[in-house]
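**Q** Submitted below is the structure of interest, expressed as structure tokens.
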Amino acid sequence: MRQMKVRLRDLIEKYKRQIIIAGIILAAILVLVLLYIFVIGPWIEFKGNEKKFTNAIQEYYDRNPGYLPKNDGDYRTMTLQDAYDNGMLSETLFIPNTKRICSFDNSWVRVFKEGDDYKYYTYLECGFYKSSTDHEGPEITLEGESPVLVYFNGTYEDPGVKSVIDNKDGELDISSVTIDTSKVDTKAIGTYKVTYVAYDKMRNRSEVTRDVTVVSNLTDLVKANTDDTNTYKGFDVNNYLQFSGMLWRIVGINDDGTIKIVLEDSVANLIYGASSYDESNVKRWLNNVFYNAIHNKDYVKQDSTFCIDTVTDVNNPTCNELSVPAPVGMLSATDYKNSLDANGESYLLNMVGFWFTNHTGTDTNVWASFRGNPMDYEQDNLGAVRPVVNLNTDELYVQSGTGSYTEPYKLYDYEYGKENDALNTRLIGEYVMYSNNAWRITAIDQDGNIELTSAGIIRDSENHDIYASYGETLEYPKLDPTMQYNLGYVLDQQVALQISGQYLIRHDWTIKELSDAYYDEVETTTITSYMSIPNSSDLFSGTNSDPLFKITQYWLADYITMYSGVVPVVNAVNGYGFVVSFDEYRSNGVKAKIYLSKDAVISSGNGTVNSPYYLK
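Residue numbers for the sequence shown follow my numbering, so the first one is 1257 and each next one is one higher.
What follows is the structure in structure tokens.
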């Protein structure tokens, strides 16, 4: 046994060198096999495909010489798609080691006429495998900026091309670049594209564009579309303006050159609450809550004054007494009178009611618009509010729009939100489509979460408007999410589930007591829930003027202590934008408020009523 072990050891020692050499040879063979399978073989297959492609095109031209380029330097290009469509290839060219087809559009054969001869150049793209033929166009670098700003009726002078550099041919003559400015129309505001095209020696094409924005001074647009009073008159006028995330109507040009605009919607419902506009609850709210919601404050004249004469005849108003200067105000009876055309029609009377600045001749009544007509209204009632601001016209230019409802004027530096923008970076008043309902951004809390108020009555998952009674308890607050048969419970435990989705979070809500105190001095209580309804003084608690969101009536959150017999009376907004009282057992629409988390991100849309943001 021992002798056998010695012999085996001697045998291994004798052939050790041969074993090592054999192992090396086997490893080398394995490497070569793998190299052939994964590198050499596929490359040979690719080069074979390249040759098949070239031969197919050459054979086509041999059979159809009339299609060859005629003049020296001319060329023709046939793509792989052309080869298949015209039956030039009898087999499909695949990416090596796969069943995926080579690129149809990026693969081509180009034939040049050079003297009496024709030269063929092939570029085939099959996944990782690509021909070495030059296939990239030159890089075009432009002079100047993009976009270029041009004034209406001005002249566009193109800044030109700075350089053209090709990866094979080096620097090319910039005069070889074709510049197409034909689409620029300086007689119409809007953004146009100038196209620059360059080719290298292989006739690979490159194209870049420059935006050219034709703008018009807003003052010039108003003058061009109004009479010598520079005031819009009549019902059907194109005076819509997108400003600070909200839709406005242009009233006209003031004596100081500023432009007066009024919000299209009633933004809240407030008790006027004083015998003077300057002391009113409305003015206080406008220049705090609403002013803080304006994004472009630099455009707003900070010391605007508004007509506050006492007017006994709304058809013959005066404007001799002016308010204490402030950034935000309201329409006056004079504004209403100036907006009437010869037929007595006005775009201001859009069936959405609102306060005027003028008292009627008594200390207790104020002029208001109701059902499309002026009326005197008790100042201690809740009335709708449509803010007015005056815009400074320096550098105030319009870059797009026709002034229509669907295409409002858009100011030059107004930027819509883009894909992947965080929703909490957007403007108060912009529209968001969430869970089959349109909402408006009304606040961003300190943590970056977004408060939304529905643009109309919210709808359930089956697209039905949601109605509910206010509650079945005499206790307050009425919006108690822990108390069954209470509207707060219904919203939190039932309605919120029907619109729930990604981003919806529970949040604290402030519920106000309705009283004749200033809006910011009333008693409040706090609830925590997924959903609430607006207080009368909350932003966008008023009626939306868009026909899509026309509302019969909906509940407000402000709680009161007034009773009709033994049943509490609760306030709701009617379809004309004013507040009426109902007993709490009546079923009214739900105009809701929710909070979305700070993680909400835009996927599409521009935040307008016609194109709201959609979320990812």
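Glycine is no exception: its CB is placed at the ideal position from the N, C-alpha and C atoms.
Which residues does DSSP pair with Arg-1715 in a beta bridge?
**A** Stepping through the sequence shown from its first residue, residue 1715 is reached at position 459. Answer is Asp-1721, bridged to Arg-1715.
**Q** Can you round the beta-carbon distance between Phe-1491 and Glu-1601 to whole angstroms, since I take them to be within the 8 angstroms contact cut?
**A** For this step, residue 1491 is matched to residue 235 along the sequence shown. For this step, residue 1601 is matched to residue 345 along the sequence shown. That belief holds up - the Cβ atoms of Phe-1491 and Glu-1601 are roughly 4 angstroms apart, short of 8 angstroms.
**Q** Do the stretch 1462 to 1469 and the stretch 1430 to 1450 meet, that is, are 3 or more Cβ pairs less than 8 angstroms apart?
**A** Contact holds: three or more Cβ-Cβ distances are below 8 angstroms.
**Q** Which one of Gly-1659, Ile-1684 and Phe-1384 has the shortest CA to CA distance from Asp-1701?
**A** One-based indexing of the sequence shown puts residue 1701 at position 445. The shortest Cα separation from Asp-1701 among Gly-1659, Ile-1684 and Phe-1384 belongs to Ile-1684.
**Q** Report the option in Tyr-1533, Ile-1527, Asn-1495 and Tyr-1528 whose CA atom is closest to the CA atom of Val-1518.
**A** Residue mapping note: residue 1518 aligns to position 262 of the sequence shown, counting from 1. Comparing Cα-Cα distances from Val-1518 to each of Tyr-1533, Ile-1527, Asn-1495 and Tyr-1528, the minimum goes to Asn-1495.
**Q** Run the CB neighbour count on Phe-1796, radius 10 Å, all protein chains shown included, and call it buried at 16 or more, exposed below.
**A** By one-based count along the sequence shown, residue 1796 stands at place 540. Buried, since its Cβ has 16 or more Cβ neighbours within 10 Å.
**Q** Would you report the Cα separation of Lys-1779 and Ser-1793, rounded to the nearest angstrom?
**A** Numbered from 1 along the sequence shown, position 523 holds the residue referred to as residue 1779. Numbered from 1 along the sequence shown, position 537 holds the residue referred to as residue 1793. Correcting the residue type first, residue 1779 is Glu in the shown sequence and not Lys. Their Cα atoms are separated by approximately 13 angstroms.
**Q** Going by the CB atoms, is the gap between Ser-1853 and Glu-1675 shorter than 8 angstroms?
**A** Along the sequence shown, one-based indexing puts residue 1675 at 419. Along the sequence shown, one-based indexing puts residue 1853 at 597. In this structure, Ser-1853 does not lie closer than 8 angstroms to Glu-1675 by Cβ.
**Q** Between which two residues does the alpha helix (DSSP H) carrying Gly-1744 extend?
**A** In the sequence shown, the residue the question calls residue 1744 occupies position 488. 1743 to 1746 is the extent of the alpha helix (DSSP H) around Gly-1744.
**Q** Can you find at least 3 beta carbon pairs, one from the stretch 1358 to 1377 and one from the stretch 1402 to 1421, that sit closer than 8 angstroms?
**A** No, the stretch 1358 to 1377 does not touch the stretch 1402 to 1421.
**Q** Between which two residues does the beta strand (DSSP E) holding Phe-1612 run?
**A** For the purposes of this step, residue 1612 is identified with residue 356 of the sequence shown, where counting begins at 1. From DSSP, the beta strand (DSSP E) with Phe-1612 extends over 1610 to 1615.
**Q** By the 10 Å Cβ neighbour count, where 16 or more other Cβ atoms means buried, how is Arg-1642 classified, buried or exposed?
**A** Taking the first residue of the sequence shown as 1, we reach residue 1642 at position 386. Buried: at least 16 other Cβ atoms inside 10 Å.
**Q** Pick helix, strand or coil for Arg-1842, following the three-state DSSP scheme.
**A** Here residue 1842 refers to the residue found at position 586 when the sequence shown is read from its first residue. DSSP places Arg-1842 in coil when its eight states are reduced to three.
**Q** I'd like the list of long-range same chain contacts for Met-1502, defined as Cβ closer than 7 angstroms, with 5 residues on each side in sequence excluded.
**A** Walking along the sequence shown from the start, residue 1502 turns up at place 246. Only Leu-1519 and Gly-1685 meet the Cβ criterion.
**Q** Taking C-alpha atoms, which residue in Asp-1511, Leu-1290, Ala-1598 and Leu-1596 lies nearest to Phe-1562?
**A** The count along the sequence shown starts at 1 and reaches residue 1562 at position 306. That would be Asp-1511, whose Cα lies nearest to the Cα of Phe-1562.
**Q** Can you tell me whether Asp-1619 is buried or exposed? The criterion is at least 16 other CB atoms within 10 Å of its CB, across all chains shown.
**A** Taking the sequence shown and counting its residues from 1, one reaches residue 1619 at position 363. Its Cβ having fewer than 16 others within 10 Å, Asp-1619 is exposed.
**Q** Considering only the beta carbon of each residue, do Val-1217 and Gln-1635 sit closer than 8 angstroms?
**A** Residue 1217 lies beyond the stretch modelled for the chain, which goes from 1257 to 1872, so this question has no answer here.
**Q** Is DSSP giving Asp-1554 helix, strand or coil here?
**A** Working through the sequence shown from its first residue, we reach residue 1554 at position 298. Three-state result, Asp-1554: helix.
**Q** State buried or exposed for Lys-1557, treating a residue as buried only when at least 16 other CB atoms are found within 10 Å of its CB.
**A** As a first step, residue 1557 is located in the sequence shown; it is residue number 301 there, counting from the start. Lys-1557 is buried by the Cβ-count criterion.
**Q** Which residues share a DSSP beta bridge with Arg-1696?
**A** Along the sequence shown, read from residue 1 onward, the residue named residue 1696 stands at position 440. DSSP output for Arg-1696 lists Tyr-1687 and Thr-1709 as bridge partner(s).
**Q** Look up Pro-1403 in the DSSP assignment and say whether it is helix, strand or coil.
**A** As a working note, residue 1403 is residue 147 in the sequence shown. Correct three-state label for Pro-1403: coil.
**Q** For Ile-1275 and Ile-1285, I'd like the C-alpha separation in whole angstroms.
**A** Along the sequence shown, one-based indexing puts residue 1275 at 19. Along the sequence shown, one-based indexing puts residue 1285 at 29. The alpha-carbon atoms of Ile-1275 and Ile-1285 are separated by roughly 15 angstroms.
**Q** Let me check understanding here. Comparing Cα to Cα, which of Met-1586, Ile-1722 and Arg-1273 lies closest to Trp-1811?
**A** Indexing the sequence shown from 1 puts residue 1811 at position 555. The shortest C-alpha separation from Trp-1811 is found at Ile-1722.
**Q** Would you report the Cα separation of Ser-1462 and Tyr-1455, rounded to the nearest angstrom?
**A** As a first step, residue 1462 must be located in the sequence shown, where it is residue number 206. As a first step, residue 1455 must be located in the sequence shown, where it is residue number 199. Those two C-alpha atoms are separated by around 6 angstroms.
**Q** How should Ala-1444 be labelled, buried or exposed, when 16 other C-beta atoms within 10 angstroms of its C-beta is the threshold for buried?
**A** Residue numbering aside, residue 1444 sits at position 188 when the sequence shown is read from its first letter. That one is exposed.
**Q** Give me, in chain order, the residues of the same chain whose beta-carbon lies closer than 8 angstroms to that of Val-1406; leave out the 5 immediate sequence neighbours on both sides.
**A** Reading the sequence shown from its first residue, position 150 is the one you call residue 1406. Taken in chain order, the residues that qualify are Tyr-1412, Val-1440, Thr-1442, Val-1468, Thr-1469, Val-1470 and Val-1471.
**Q** Any idea if Asn-1353 is buried or exposed, counting beta-carbon neighbours within 10 angstroms, 16 or more meaning buried?
**A** The residue you call residue 1353 lines up with position 97 of the sequence shown. Exposed.
**Q** Any chance you could list the beta strand (DSSP E) runs of at least 3 consecutive residues sitting entirely within the stretch 1398 to 1485, in chain order?
**A** Counting whole runs of 3 or more residues, the stretch 1398 to 1485 contains the beta strand (DSSP E) stretches 1404 to 1407, 1417 to 1422, 1426 to 1428, 1434 to 1436, 1446 to 1455 and 1461 to 1473.
**Q** With a threshold of 16 other CB atoms inside 10 Å of the CB of Pro-1581, please say whether the residue is buried or exposed.
**A** As a position in the sequence shown, residue 1581 is number 325, starting the count at 1. Exposed is the call here.
**Q** How is Phe-1350 classed by DSSP in three states: helix, strand or coil?
**A** If you number the sequence shown from 1, residue 1350 lands on position 94. Three-state DSSP puts Phe-1350 in a strand.
**Q** Among residues of its own chain, excluding the 5 on either side of Arg-1842, which ones have a beta-carbon nearer than 7 angstroms to its beta-carbon?
**A** Walking along the sequence shown from the start, residue 1842 turns up at place 586. Ser-1725.
**Q** Where does Glu-1315 fall in DSSP's three states?
**A** In the sequence shown, the residue the question calls residue 1315 occupies position 59. Glu-1315 falls in the helix class under three-state DSSP.
**Q** Could you spell out the range, first to last residue, of the alpha helix (DSSP H) harbouring Asn-1537?
**A** In the sequence shown, residue 1537 corresponds to position 281, counting from 1. Counting along the chain, the alpha helix (DSSP H) containing Asn-1537 begins and ends at 1537 to 1541.
**Q** Going along the chain, which residues of its own chain have a beta-carbon closer than 8 angstroms to the beta-carbon of Thr-1662, five neighbours each way excluded?
**A** Looking up residue 1662 in the sequence shown gives position 406. Closer than 8 angstroms at Cβ, skipping near neighbours: Asn-1866.
**Q** Would you check if the distance between the CB atom of Asn-1614 and the CB atom of Ser-1579 is smaller than 8 angstroms?
**A** Here residue 1614 corresponds to residue number 358 of the sequence shown, with the count starting at 1. Here residue 1579 corresponds to residue number 323 of the sequence shown, with the count starting at 1. No, these two residues do not count as a Cβ contact at 8 angstroms.
**Q** Could you give the uninterrupted runs of the beta strand (DSSP E) lying entirely in the stretch 1569 to 1642, keeping only those of 3 residues or more?
**A** Qualifying beta strand (DSSP E) stretches, in chain order: 1610 to 1615, 1621 to 1626, 1629 to 1634 and 1638 to 1641.
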